[in-house]
Amino acid sequence: MENLFGIIPEGVEDIFYHEYEVKENAILKVKDIFKSYGYRPISTPSFEYYDLFYEMDSITDRDEMFKLIDENGKILVLRPDMTIPIARIAALNFNNIHGSLKLSYVENVYRRSNNGAGYGKKEFVQAGIEYFGKSEADSDAEVIAVGIKSLIDCSLTDITIEIGHVGFVKGILESCDISKKHYEDIRKYIESKNYDELERVLNEAKLPKKYKDTLLNVIYLYGDPNEVLLKAEKMILNRGMEQSLYNMKDIYEILKLYGYKKYITFDLGLINHINYYTGAIFKGYVNSYGREVMSGGRYDTLTQRFGKFIPATGLGLNIDEIMEVIGMGEIGDMFKTDYILIYSNETRDKALSIASKLRENNFIVETELLNEISLNNSKQAREVVYISKDGLKVKNMENGAVYVCKEDRFLKHVLFNNIITPIH
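Position in the sequence shown (first residue = 1) + 41 = our numbering.
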């Protein structure tokens, strides 16, 4: 039998404290931004019934979900997606809400994947928001703005947000009599911008020439928003396509008011494979990094599956991808200890008393019994305090300065004169 002691399964990872502190710091920043826009945090179960996701086959491949059997023989899955469980929460609680409902989360999701942050990764940290009850472009723009602000505050400023609209291509395809297989192939090749394969499928589906030509040209409708709109307006075949362009233009104008014009591009070939999207959709990238760090869109009909129609839009941030971009170069002692108090058996009570007072004022404090190990660890602190019966000897580990004082004078200087300000 293979010895797996000390080995973790493929697709998951241990995170040591250096990297975890950077990850936690990024999550805290994102949570603060969500809160500042009025989004309230919630949590959903890690386990869901398989049927919840089975009925929505375009969310994730059924073979990519992790399945379990409970004691009653019911098939469960580790949640592969957050939007659907949150849509359930919204539908069940919306009658108790006056106006809109704005929810946020930071949760792990689970699915088999051969791309994204790490080949074969199976566990992902996702942070996101969901905005229920509003159908105006303002809510779409706010969600995108929150995503941009989150990336910027995580020090990712060289970013591009691609905005599309499922209604534009959908407006063409719904005017045609085509099979589900052709429909899905057309969507796939438009998004991948594979002209040759798209042309092959369109010929196979025997679409009228005007629809075929329009779909082939959609591949080239990406780039500067104003230029894309000008080209797309000449291709309008029905009311649905026209409304899609109006909606995208409104969202763009609002994002300009947020000051985010430079980050926005349009891509009318952006057609997410997830079938619950009904309007504007978007993806966010860090330039020179090939994978998306943010995605989302409008899903006005999803809550109907739970018995209530509530227009909604939302986004998800892939924290693992964000960490990949931040990189190990940014990882250091983010929460470096402020003080290490080194004491003897005779001065233990004094050390614990001083440590308690410092911690009450948000300093990070470690205490060490005087020995060789404690002396070696002292370089990890900003200041080291050697405690004796006669007083304190304080050494600044950054500049080497040393001073001697009594306990009350030390605390007075630190707590009232801000000799060292907490950085946490």
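From the three backbone atoms N, C-alpha and C, an ideal C-beta is built for every residue, glycine too.
Per DSSP, what kind of secondary structure is H59 in: helix, strand or coil? helix
Neighbourhood of L117 by C-beta distance below 8 Å, restricted to the same chain and skipping five residues each side | F88, E89, Y90, Y91, K108, L109, I110 and D111
Using the three-state DSSP reduction, which class does A168 fall into: helix, strand or coil?
strand
| Per DSSP, E203 forms a beta bridge with which residues? | T306 and K324
Does DSSP put Y301 in a helix, in a strand, or in coil? coil
*N-terminal and C-terminal residue of the alpha helix (DSSP H) that T124 is part of*: T124 to N134
Report the residue ranges of all beta strand (DSSP E) runs contained in full by the region 377-423; include only those spanning at least 3 residues, in chain order.
-> Those beta strand (DSSP E) runs which fall completely within the region 377-423 and span 3+ residues are 378-384 and 406-410.
Rounding to the nearest angstrom, what Cα-Cα distance links E245 and I227 in this structure? Their backbone Cα atoms lie some 11 Å apart in a straight line.
Nearest to I202 by alpha carbon, out of K391, G338, G325 and K221?
G325
Can you have a look at H59 and say buried or exposed, based on whether 16 or more other CB atoms are within 10 angstroms of its CB? exposed
Would you mind stating whether G212 and M282 have Cβ atoms separated by less than 8 Å? yes
Review point. Near F350, which residues of its chain fall below 8 Å by C-beta distance, leaving aside the five closest residues on each side in sequence?
Key: D341, T342 and T344
According to DSSP, is F209 helix, strand or coil?
helix
- Mapping DSSP to helix, strand and coil, what is G373? Since pLDDT at G373 reaches only 49, below the 50 mark, its modelled position is unreliable, and no value is offered.
*With C-beta atoms as the reference, is I428 less than 8 Å away from K391?*
yes
Handout entry: Under 8 Å between C-beta atoms of L142 and G174
Key = yes
*asked:* Taking the alpha carbon of K115 as the reference point, which residue from Y380, P266 and L93 has its own alpha carbon closest?
replied: L93
So, helix, strand or coil for K72, using DSSP?
-> helix
Helix, strand or coil for F451, going by three-state DSSP, please let me know.
helix
Between which two residues does the alpha helix (DSSP H) harbouring L257 extend?
K250 to V259
| request: Between the Cα of K430 and those of S385, I395, E401 and N403, spot the shortest distance and give me the residue it belongs to. | output: S385
E362 versus Q167 - alpha carbon distance: Straight-line Cα distance between these residues: approximately 10 Å.
Relative to the C-alpha of G348, which residue among Y172, V426, N316 and R129 is closest? R129
- Between the CA atoms of L214 and I295 - distance to the nearest angstrom: 29 Å
Are there 16 or more other CB atoms within 10 angstroms of the CB of E171, so buried, or fewer, so exposed?
buried
For G157, does the three-state DSSP call read helix, strand or coil?
A caution first: G157 carries a pLDDT of 46, below 50, which makes its placement in the model unreliable, though a value can still be read off. Three-state result, G157: coil.
* Which residues share a DSSP beta bridge with R81? -> L144
Note down, in chain order, each residue of its chain lying with its Cβ closer than 6 Å to the Cβ of G370, except the 5 sequence neighbours on either side.
In this prediction, G370 has a pLDDT of 45, which is less than 50 and means its spatial position is unreliable; nothing more can be read from the coordinates.
Which residues share a DSSP beta bridge with C446?
Looking at the DSSP assignment, C446 forms a beta bridge with L433.
Collapsed DSSP secondary structure at S191 in the structure displayed: S191: helix per DSSP, three-state reduction.
Check whether the Cβ atoms of I292 and A321 lie closer than 8 Å to each other. yes
Exercise. Let me know the secondary structure DSSP gives G368 once reduced to three states.
Key: coil
Taking 8 Å as the threshold (C-beta atoms), are G169 and Y151 in contact? no
By the 10 Å Cβ neighbour count, where 16 or more other Cβ atoms means buried, how is A442 classified, buried or exposed? exposed
> Per DSSP, S336 forms a beta bridge with which residues?
Replying inline: Paired residue(s): K324 and G357.
Practice problem: Check each candidate in H139, T85 and E105 and name the one with the smallest Cα separation from T124. | Solution: T85
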